[in-house]
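**Q** When we follow the working numbering, the leftmost residue of the sequence shown carries the number 627, and every step to the right adds one.
Before I ask anything, let me first share the structure, which is written out below as structure tokens.
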Amino acid sequence: MEIREFDFLAEEVPGAASEIREALDLLYSSIDSALDEVGDKIFKETKKRNFSRIKDLSVKCESVSKLNSSIQEAINYLDGLIEVKEDEEEKARKDEFIERSITNYKDYEVDNEIEHNLYEDLTFKRPCAIKIDGKKFEVKDWKKALITTLEYLSIKDINLIKGFPDDPKMNGKKVIYFSRVELPNMRSVQLIKGADIYITTNLSANSIRNLIIKCLKKYNMKISDFKIYFRADYSDLH
Numbered sequence: 627m628e629i630r631e632f633d634f635l636a637e638e639v640p641g642a643a644s645e646i647r648e649a650l651d652l653l654y655s656s657i658d659s660a661l662d663e664v665g666d667k668i669f670k671e672t673k674k675r676n677f678s679r680i681k682d683l684s685v686k687c688e689s690v691s692k693l694n695s696s697i698q699e700a701i702n703y704l705d706g707l708i709e710v711k712e713d714e715e716e717k718a719r720k721d722e723f724i725e726r727s728i729t730n731y732k733d734y735e736v737d738n739e740i741e742h743n744l745y746e747d748l749t750f751k752r753p754c755a756i757k758i759d760g761k762k763f764e765v766k767d768w769k770k771a772l773i774t775t776l777e778y779l780s781i782k783d784i785n786l787i788k789g790f791p792d793d794p795k796m797n798g799k800k801v802i803y804f805s806r807v808e809l810p811n812m813r814s815v816q817l818i819k820g821a822d823i824y825i826t827t828n829l830s831a832n833s834i835r836n837l838i839i840k841c842l843k844k845y846n847m848k849i850s851d852f853k854i855y856f857r858a859d860y861s862d863l864h
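Now the structure itself:
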């Protein structure tokens, strides 16, 4: 697939183009983390002087790294086609209006005891709780889910989260997620208690999902152990 074929998707289905961008971002992050782990293996093999193994791993890593570079190029290209932040703001306003205009909320309520994970599509879903390390926290929306997660991680290891603003892998190419000061280009900024860092919260549900996954990986926590509970699903309205 040629990268310019995204022009067609962005023009015909703007929402789908944005979702593809988020999916690619998650894929890029997952591959990048996997490459870091292989890098650790190469270091261990160096100590063993297992040079044939080192060469094999290095060659394959280079190939995968080129693939990931292509994914990043696609992400950057999509960013040029769609104004991600403006699109998310508009979408959030529409979703809020839809929720306020619904007369019978019970029609869209779901079983809030069913556990969901971070690899699901969270579009049009509304959370009521999350579970981290077996501890359950009530949340009213995705912003609160993000903030609650970060506050929990800050208690787990304050120094690790304080390093997020300096980590290029934790900030986007166009969107600043973490900062030690409240920057003018950050939207819906929230201060993470205890960590003294600011976080952008004006993000779509799937963007928040991707950011939480990045944070959990930094803490070497299993992504599958993070659970989400939904209170409503408005997919049928779209």
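Backbone N, C-alpha and C define an ideal beta-carbon position, used for all residues, glycine too.
(1) Assess, as a yes-or-no matter, whether the region 733-746 is touched by the region 778-790 under the definition of 3 or more beta carbon pairs within less than 8 angstroms.
(2) Using a 10 Å radius around the Cβ and a threshold of 16 neighbouring Cβ atoms, would you call Glu648 buried or exposed?
(3) Roughly how many angstroms separate the alpha carbons of Glu764 and Ile849, rounded to a whole number?
(4) Work out the CA separation of Asp793 and Lys670 for me, nearest whole Å.
(5) What residues are listed by DSSP as bridge partners for Tyr845?
(6) Report the three-state DSSP secondary structure of Arg675 (helix, strand or coil).
(7) Under 9 angstroms, do Ala643 and Leu653 count as touching if we go by C-beta distance?
(8) Mind checking who Ser805 pairs with in its DSSP beta bridge?
(9) Contact between the region 673-688 and the region 805-815: three or more CB pairs below 8 angstroms?
(10) If we ignore side chains and look at the alpha-carbon of each, how far apart do Ile668 and Cys687 end up?
(11) In its own chain, which residues sit with a C-beta less than 8 angstroms from the C-beta of Asp658, not counting the 5 before and 5 after it?
(12) Hey, how far is the Cα of Lys711 from the Cα of Ile680?
(13) Who are the near neighbours of Ser684 in its chain, counting only those whose CB is closer than 7 angstroms to its CB and skipping five residues on each side?
(14) Going by the beta-carbon positions, is the gap between Arg857 and Val736 smaller than 9 angstroms?
**A** On the basis of the supplied data:
(1) no
(2) Numbered from 1 along the sequence shown, position 22 holds the residue referred to as residue 648. Result: buried.
(3) Start at 1 with the first residue of the sequence shown, and residue 764 comes out as number 138. Start at 1 with the first residue of the sequence shown, and residue 849 comes out as number 223. If you take the alpha carbons of Glu764 and Ile849, they lie about 19 angstroms apart.
(4) As a first step, residue 670 must be located in the sequence shown, where it is residue number 44. As a first step, residue 793 must be located in the sequence shown, where it is residue number 167. Those two C-alpha atoms are separated by around 24 angstroms.
(5) Residue 845 sits at position 219 when you count from the first residue of the sequence shown. DSSP lists no partner for Tyr845.
(6) By one-based count along the sequence shown, residue 675 stands at place 49. Looking at Arg675 - three-state DSSP - the assignment turns out to be coil, as it is neither helix nor strand.
(7) Against the sequence shown, residue 643 aligns to sequence position 17. Against the sequence shown, residue 653 aligns to sequence position 27. No, these two residues do not count as a Cβ contact at 9 angstroms.
(8) The residue given as residue 805 occupies position 179 in the sequence shown. In the DSSP output, where bridge partners are listed per residue, Ser805 has Tyr824.
(9) no
(10) Numbered from 1 along the sequence shown, position 42 holds the residue referred to as residue 668. Numbered from 1 along the sequence shown, position 61 holds the residue referred to as residue 687. Approximately 10 angstroms between the Cα atoms of the pair.
(11) Translated into positions along the sequence shown, residue 658 becomes position 32. Answer for Asp658: Asn694 and Lys795, listed in chain order.
(12) Residue 711 sits at position 85 when you count from the first residue of the sequence shown. Residue 680 sits at position 54 when you count from the first residue of the sequence shown. The predicted position of Lys711 is uncertain, since its pLDDT is 47 and thus under 50; a value taken from the coordinates is nonetheless stated next. Looking at the two C-alpha atoms, the distance is approximately 42 angstroms.
(13) Here residue 684 refers to the residue found at position 58 of the sequence shown. Excluding residues within five positions, the ones whose Cβ falls inside 7 angstroms are Ile668.
(14) The sequence position of residue 857 within the sequence shown is 231, counting from 1. The sequence position of residue 736 within the sequence shown is 110, counting from 1. Closer than 9 angstroms, so yes.
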